[in-house]
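Everything on this sheet refers to the single structure shown next.
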Amino acid sequence: MRRYPQLYQQSIEQPEQFWAEQAKRIPWMMPPTTVLSYDEQQHARWFADGEMNLCHAALDYHVDQGRGEQAAIFWDSPVTQTEQTITYRQLRDRVAAFAGGLQQLGVVKGYRVVIYMPMIPEAVVAMYACARLGAIHSVVFGGFAPHELAARIEDAAPKVVVAASCGIEGGKVVAYKPIIDQALALSPHQPDACIIKVRAECDVEFNEREYDWEAVVSQATPADCVPVKGTDPLYVLYTSGTTGKPKGIVRDTAGYAVALAYSMEAIYALAPGDVFFTASDVGWVVGHSYIVYGPLLHGCSTVLYEGKPVKTPDAGSFWRLIEKYNVTSFFSAPTAFRAIKKEDPDAQWLSKYDISCLKHLYVAGERLDPPTYHWLDDLLDVPVIDHWWQTETGWPIAANLPGIEPMPTKAGSATVPVPGFNVQVLNRDGEQAAPMEQGSVVIKQPMPPGCLTGVWGDPKRFHSAYMAAFPGYYLTGDGGFFDEQGYLFIMGRTDDVINVAGHRLSTGEMEEVVGGHPSVAECAVIGVHDDLKGQLPVGLVIPKDGYTEGEEALEAALIARVREQIGPVACFKQVIVVDRLPKTRSGKILRKLLRNLADGQEVGIPSTIDDPTSVDDVHRAMCDHRIGRANETPPHA
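Each step along the sequence shown adds one to the number in the numbering used here, with nothing skipped, and position 521 is 1700.
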């Protein structure tokens, strides 16, 4: 580990010099003379006086450099049995035409456009068209409830809404037009126009101020790229699980472009022409960064997948895509692999495909539990890289860095901080924690390029939510520790630490032990109220398909396992076997919701939930097992 420490030290001690060098990775319309500056609240701003256009950097530039006939997008949609390859030149032309259509409807630099679409090429076209005009896009995950869409329309105040006629979820066609109509009826802000891409699976009737996508494009004059300042916003993305007024994360243009271009090589070890497959959705930050923008900035091809890890049609979907498109690096969430492991624990589907093209597998979105890590590591002949980041940061905070210097992996660790991120662990007194001592994980200012620059329309909220707890540091909200070798372990959100009779215990550590049982596909451990000990841990467990022990035997085995590996101090005495757990559409288990259920608190069903009926199922199981106060108050949507 000689090259990494040198680069990391330079990035922390000489950030302006380090990032000035990385800024050479992207084509500027006017190179910056000021690399790092600060706003009135002393938050970092990058490349303020530079000028660029992200659509130009990702599309026009590569076409001009001779990459026009290379595939930019491989669209694979098993739910519609459709495949499509779109070259860089074709994508640029489609984007320019749609940008021209937006322009004719009055969209100019600085205006907002809300995009409400499934995983179809038009979603990518719409995002790049906004970037081409210098407009600010806000992508809302297709299928979000009307009141949540309305809240985002009200907050972003878009000039235009761009949508599809439907999405396809679990084999069902979900019509978007009724959702949009209800949302607009609820929103005080009314856009001037709504453009709808009509899909074959669902037709629509157009009302006043609504336009057909194809008609808009056919009548448009292609638009040129509009130069923007480095600090001009590229998009607003609302964080998942928000309640009340939504929190719109603001991303700048140049800092984001530089960070993504750097990460494609340093973290994902990709070269121009390689294929990157990220199994996410364009509605999430992962989709923004590593389906839409990062791969094309770097001259790679990106796989756009409209499907699931299982049941579209089977547990071999990911392996099929890797073989078919000659994928070099693959990125998905732990929950996707747990779903595959549940349906195909012996990986029989993998044997049907040749994935020798794959060089690295990346996992993020929630903590990669050691049992899932070991399952993947035993299964595949490539490095399994856990890395950690957030919607707010826009790109990884900590990772193994094969593009700089491959490092030994450790189960449960995201390895080391990425250059630019001065990661520290602070105890409750705000002092640096010792190695192996858990505390709050923070990032010392200045934050590197690519991170959030504010909360849309509410600069005070940005400071109070992220910067006020430890002055001079960004509060990640995650707890963790460094080990003696400098490896970073993220143990979960800081509210996932429970207090059992005065002992502070990590539910993440208990989940490692429970998840390590060979019959467990997925699990969550939460703390519930106890009058005597303050809190007690409860495990919720999804068994693998075909397990034979029986619920009582499995529960007893898991209780004994935690007692043996953590000790009696954990007081782990309750396990519930369930068929499913409430999750967001991005695969994160809604642990706070589970805690509220167990403690008998009123529960609001969040907009990001994948299946609302899972809440009722878990609540009934808690009541049957007399967990906490779960029988006192039923869930409330």
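For glycine and all other residues, C-beta sits at the position ideal for the given N, C-alpha and C.
Everything numeric in this text was worked out from a predicted model, so none of it was measured.
Just so you know, the alpha carbons of valine 1756 and cysteine 1702 end up roughly 9 Å apart.
For the pair of segments examined, the segment 1570–1581 was found not to touch the segment 1603–1612: the number of CB pairs separated by less than 8 Å stays below three. Annotated as proximal: aspartate 1371 and leucine 1284, with beta-carbon spacing under 8 Å. Note that the segment 1759–1769 touches the segment 1780–1795; at least 3 beta-carbon pairs, one per stretch, sit closer than 8 Å.
The residues Ala1314 and Lys1338, in chain order, have a CB closer than 6 Å to that of tyrosine 1290 in the same chain once the five nearest residues on each side in sequence are set aside. In the structure shown, lysine 1771 falls within a helical segment according to DSSP collapsed to helix, strand and coil. Between glycine 1651 and methionine 1670, the C-beta gap is not smaller than 8 Å, which leaves the two residues out of contact. DSSP places glutamine 1189 inside the alpha helix (DSSP H), whose first and last residues are 1182–1192. By the neighbour-count definition (other C-beta atoms within 10 Å, threshold 16), serine 1459 is a buried residue. For the set Ala1275, Gly1346, Pro1367 and Lys1376, the Cα lying nearest the Cα of alanine 1237 is the one of Ala1275. Non-local C-beta neighbours of glutamate 1691 in its own chain, meaning closer than 8 Å and more than five positions away in sequence, comprise Asp1548, Pro1549, Pro1550 and Gly1591, ordered along the chain. About 6 Å separates the beta carbon of alanine 1515 from that of glycine 1766, a gap short enough to meet the 8 Å contact definition. By DSSP's assignment, glycine 1687 forms no beta bridge with any residue.
The alpha helix (DSSP H) runs of length 4 or more contained entirely in the segment 1353–1434 are, from start to end of the chain, 1356–1365 and 1392–1397. Its chain contains Phe1456, Phe1509, Tyr1532, Ile1534, Cys1536 and Leu1537 as the residues whose beta carbon lies nearer than 8 Å to that of isoleucine 1501, once the 5 sequence neighbours on both sides are disregarded; these appear in chain order.
By the Cβ neighbour-count rule, lysine 1487 is buried, with 16 or more other Cβ atoms within 10 Å of its own. The alpha-carbon separation between methionine 1209 and proline 1581 amounts to approximately 32 Å.
A straight line joining the alpha-carbon of serine 1344 with that of alanine 1739 spans about 52 Å.
Under the three-state reduction of DSSP, aspartate 1709 is assigned to strand. In the three-state scheme derived from DSSP, where H, G and I count as helix and E and B as strand, serine 1256 is classed as strand. Put simply, of Leu1719, Lys1752 and Tyr1552 the residue whose alpha carbon is nearest the alpha carbon of alanine 1800 is Leu1719. If you draw a 10 Å sphere on the C-beta of lysine 1351, you find fewer than 16 other C-beta atoms in it, and that means exposed. For isoleucine 1755, the enclosing beta strand (DSSP E) stretches over residues 1754–1756.
The beta carbon of glutamate 1734 lies closer than 6 Å to those of Val1754 in the same chain, with the five residues before and after it left out. Using a Cβ distance threshold of 8 Å, proline 1194 and proline 1625 count as a contacting pair. Assignment of leucine 1715 by DSSP, reduced to helix, strand and coil, places it in the strand class. Taking C-beta atoms as the reference points, valine 1293 and cysteine 1309 fail to come closer than 8 Å. With the rule of 3 Cβ pairs closer than 8 Å, the segment 1411–1420 does not count as touching the segment 1376–1395. Rounded to whole angstroms, the separation of the alpha carbons of valine 1454 and asparagine 1505 is 7 Å. Boundaries of the beta strand (DSSP E) around histidine 1539: 1539–1542. For leucine 1555, the enclosing alpha helix (DSSP H) stretches over residues 1549–1558. Put simply, the backbone Cα of tyrosine 1187 is about 33 Å away from that of serine 1317. Looking at the DSSP output, arginine 1672 sits in a beta bridge with Asp1657. Leucine 1654 places its beta carbon less than 8 Å from that of valine 1621. Secondary-structure assignment with DSSP links glutamate 1262 through a beta bridge to Asp1255. Residue pairing by DSSP puts glutamate 1348 in a beta bridge opposite Lys1351.
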